[in-house]
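Chemist: Next up is a structure, given as structure tokens.
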Amino acid sequence: MAFLPICREDMKKRGWDELDFVFVCGDAYVDHPSFGHAIISRIIEDYGFRIGIIPQPDWKDSKSITVLGRPRIAFLVSAGNLDSMVAHYTSFKKPRSEDYYSPGMKMGKRPNRATIVYCNLIRREYGDIPIIIGGIEASLRRFAHYDYWSDKVRASILIDSSADLLIYGMGEKPLLEILPRLKRGENIKEIRDVQGTCYVAKDIQHLEGKDYIIIDSYEKVKEDKMAYARAFAIQYREQNPYTGKIIVQPHKSLYVVQNPPAKPLTVEEMDYVYSLPYERNYHPIYEKEGGIKALEEVKFSIVSHRGCFGGCNFCALHFHQGRIIQKRSQKSILE
Numbered sequence: 001m002a003f004l005p006i007c008r009e010d011m012k013k014r015g016w017d018e019l020d021f022v023f024v025c026g027d028a029y030v031d032h033p034s035f036g037h038a039i040i041s042r043i044i045e046d047y048g049f050r051i052g053i054i055p056q057p058d059w060k061d062s063k064s065i066t067v068l069g070r071p072r073i074a075f076l077v078s079a080g081n082l083d084s085m086v087a088h089y090t091s092f093k094k095p096r097s098e099d100y101y102s103p104g105m106k107m108g109k110r111p112n113r114a115t116i117v118y119c120n121l122i123r124r125e126y127g128d129i130p131i132i133i134g135g136i137e138a139s140l141r142r143f144a145h146y147d148y149w150s151d152k153v154r155a156s157i158l159i160d161s162s163a164d165l166l167i168y169g170m171g172e173k174p175l176l177e178i179l180p181r182l183k184r185g186e187n188i189k190e191i192r193d194v195q196g197t198c199y200v201a202k203d204i205q206h207l208e209g210k211d212y213i214i215i216d217s218y219e220k221v222k223e224d225k226m227a228y229a230r231a232f233a234i235q236y237r238e239q240n241p242y243t244g245k246i247i248v249q250p251h252k253s254l255y256v257v258q259n260p261p262a263k264p265l266t267v268e269e270m271d272y273v274y275s276l277p278y279e280r281n282y283h284p285i286y287e288k289e290g291g292i293k294a295l296e297e298v299k300f301s302i303v304s305h306r307g308c309f310g311g312c313n314f315c316a317l318h319f320h321q322g323r324i325i326q327k328r329s330q331k332s333i334l335e
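What the sequence shown shows, in the numbering used here, is residues 1 to 335, in sequence order.
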């Protein structure tokens, strides 16, 4: 199975003149299931959609976002496997010297706060086209949050990026629900009921009759540490996919709405995700630059399960992958 298109020439080889989705990613293109963009793009391809990838576009030139043309349905945006600020700076806020997710470990291939920057580039070129954001940077910044790098509380990344939908956590389950609905012709901007997603609303009348909680606003948590702690405690408590409530956080005249977390993948779904035709390698364009260092330690790895029941204060794994352990079948692992 070939790599997905990254340029017009690749599209022509497949006989495509238009894509359904364009995935913009802050990492180099590595078609391996340890990389989020590989899993998501292969699922979309398997559902019969045409998808291409723009890896590490030049954020100083908005035309770099147009190399695959305007997608028919939406842009997908991720900063990559790491939060872009974590990828760029040490805990002492010093610039890192190497980037394992870029060709030749070279720094400077993605911007700071990559999700926001990429979305702004897309808006500049394509206006009101639907944008879906995901990945760990978007997921962990979905509400008003303390930003270590600027030492202040920032607004939800949905507000700063102007994206239409945020898929948080491991995105396969929401995607498996969204894709069939798109095939039936639903407007992506009207899909507001999928677990594991967040969106911005002008009002919350559509939530009438539903079980939801309004937490302290961005303006309040920015100024009041106790309000921030209360808001986070509610977010933490409602991370159960079976009992969690809808959470609403006001941001000035808008509302950030989080649906309950996505339910865990079944064994069959886990098997499906890891059975897709990955190349399990980086794209050949990186060969002359020395390849992608991040692939080396995972190239021959086999995923057996995901999730963590620990919930340690110093770790975001449970907040991103969930506390429920999800596993593959023995047959799938052996194959």
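Don't be surprised by glycine CBs; every beta carbon is placed ideally from N, CA and C.
These numbers were taken from a predicted model, which means no experiment stands behind them.
Could you give the DSSP three-state label for Ala28: helix, strand or coil?
Modeler: In the structure shown, Ala28 sits in coil (DSSP, three-state: anything other than H, G, I, E or B).
Chemist: To which residues of the same chain is Asp216 closer than 8 Å at the C-beta, ignoring the five residues directly before and after it?
Modeler: Only Asp224, Ala227, Tyr228, Arg230, Ala231 and Gln249 meet the Cβ criterion.
Chemist: With burial defined as no fewer than 16 other Cβ atoms inside 10 Å of the residue's Cβ, what is the status of Tyr242: buried or exposed?
Modeler: By the 10 Å Cβ count, Tyr242 comes out exposed.
Chemist: Fully enclosed by the region 43-91, which beta strand (DSSP E) runs are 3 residues long or longer?
Modeler: As far as the region 43-91 is concerned, its whole beta strand (DSSP E) runs of at least 3 residues are 51-55 and 74-78.
Chemist: Would you mind reading off the limits of the alpha helix (DSSP H) that contains Thr115?
Modeler: Unbroken alpha helix (DSSP H) run through Thr115: Ala114 to Tyr126.
Chemist: What would DSSP say about Lys152, mapped onto helix, strand or coil?
Modeler: Strand at Lys152.
Chemist: Please return the same chain residues whose Cβ sits closer than 8 Å to the Cβ of Leu179, not counting the five positions on each side in sequence.
Modeler: Here the set comprises Ile43, Ile44, Tyr47 and Phe49.
Chemist: Helix, strand or coil: which one does DSSP assign to Asp10?
Modeler: Helix.
Chemist: Measure the beta-carbon distance from Pro57 to Val24 and round it to whole angstroms, keeping in mind my assumption that it falls under 8 Å.
Modeler: With a Cβ gap of about 6 Å, Pro57 and Val24 count as contacting.
Chemist: Alpha helix (DSSP H) containing Ile129: first to last residue?
Modeler: No alpha helix (DSSP H) contains Ile129, which DSSP labels as neither H nor E.
Chemist: Checking the sheet assignment: what are the DSSP bridge partners for Arg306?
Modeler: Gln326.
Chemist: Taking a contact to mean a Cβ-Cβ separation below 8 Å, would you say His37 touches Arg280 in this structure?
Modeler: Taking 8 Å as the Cβ cut-off, His37 and Arg280 do not qualify as a contacting pair.
Chemist: According to DSSP, what are the bridge partners of Asp147?
Modeler: DSSP lists Lys152 as partners of Asp147.
Chemist: Is Phe300 helix, strand or coil when you go by DSSP?
Modeler: In the structure shown, Phe300 sits in coil (DSSP, three-state: anything other than H, G, I, E or B).
Chemist: Starting from Leu254, follow the beta strand (DSSP E) in both directions and report where the run begins and ends.
Modeler: From DSSP, the beta strand (DSSP E) with Leu254 extends over Leu254 to Gln258.
Chemist: Is Phe3 helix, strand or coil by DSSP?
Modeler: Correct three-state label for Phe3: coil.
Chemist: Rounded to a whole number of angstroms, what is the C-alpha to C-alpha distance between Lys93 and Ser64?
Modeler: Distance between the alpha carbons of Lys93 and Ser64: 29 Å.
Chemist: Buried or exposed for His283, please, with buried defined as at least 16 other CB atoms from any protein chain shown within 10 angstroms of its CB.
Modeler: His283 is buried by the Cβ-count criterion.
Chemist: Going by DSSP in three states, Ala294 sits in which element: helix, strand or coil?
Modeler: The answer is helix: DSSP assigns Ala294 an H, G or I state.
Chemist: I'd like to know if the region 311-329 and the region 119-132 are in contact, where contact means that at least 3 CB-CB pairs between them fall below 8 Å.
Modeler: Flag = no, the region 311-329 and the region 119-132 do not touch.
Chemist: Beta strand (DSSP E) containing Gln321: first to last residue?
Modeler: Note, Gln321: premise wrong, no beta strand (DSSP E); alpha helix (DSSP H) at Leu317 to Gln321.
Chemist: Is any heavy atom of the ligand PLP found at a distance shorter than 7 Å from the C-beta of Leu140?
Modeler: The model on display carries no ligand, and the ligand PLP is accordingly not part of it.
Chemist: Using the C-alpha atoms, what's the distance from Lys299 back to Asn240?
Modeler: Going from the Cα of Asn240 to the Cα of Lys299 covers about 32 Å.
Chemist: Should Ser156 and Ile116 be called a contact, given that it needs their Cβ atoms to be closer than 8 Å?
Modeler: In this structure, Ile116 does not lie closer than 8 Å to Ser156 by Cβ.
Chemist: In this structure, how does DSSP classify Gln249 when only helix, strand and coil are distinguished?
Modeler: Of the three classes helix, strand and coil, the one that applies to Gln249 here is strand, per DSSP.
Chemist: So which of Tyr274, Val67, Lys220 and Cys198 has the shortest CA-CA distance to Arg8?
Modeler: Of the listed residues, the one whose Cα sits closest to Arg8 is Val67.
Chemist: Give me the residue from Tyr286, Glu287 and Met270 with the minimum Cα distance to Gln330.
Modeler: The candidate whose alpha carbon is nearest that of Gln330 is Met270.
Chemist: In angstroms with no decimal places, state the Cα-to-Cα distance between Asp147 and Met170.
Modeler: Looking at the two C-alpha atoms, the distance is approximately 22 Å.
Chemist: For Ile167, name the three-state secondary structure that DSSP assigns.
Modeler: Here Ile167 sits in strand by DSSP.
Chemist: Going by C-alpha distance, which of Lys288, Ile285, Lys109 and Gln195 is nearest Lys340?
Modeler: Past the boundaries of the shown model lies residue 340; the chain is included only from 1 to 335, so the question cannot be answered.
Chemist: Near Ile122, what residues of its chain come up, given a Cβ to Cβ distance below 8 Å and the 5 sequence neighbours on each side ignored?
Modeler: Excluding sequence neighbours, Ile122 sits near Val24, Ile65, Phe75, Val77, Ile129 and Ile131.
Chemist: Using the beta-carbon count (16 or more within 10 Å), is Gln205 buried or exposed?
Modeler: The residue is exposed, with fewer than 16 neighbouring Cβ atoms inside 10 Å.
Chemist: Please report the residue range of the alpha helix (DSSP H) in which Ile234 lies.
Modeler: Lys225 to Arg237 is the span of the alpha helix (DSSP H), which, as asked, contains Ile234.
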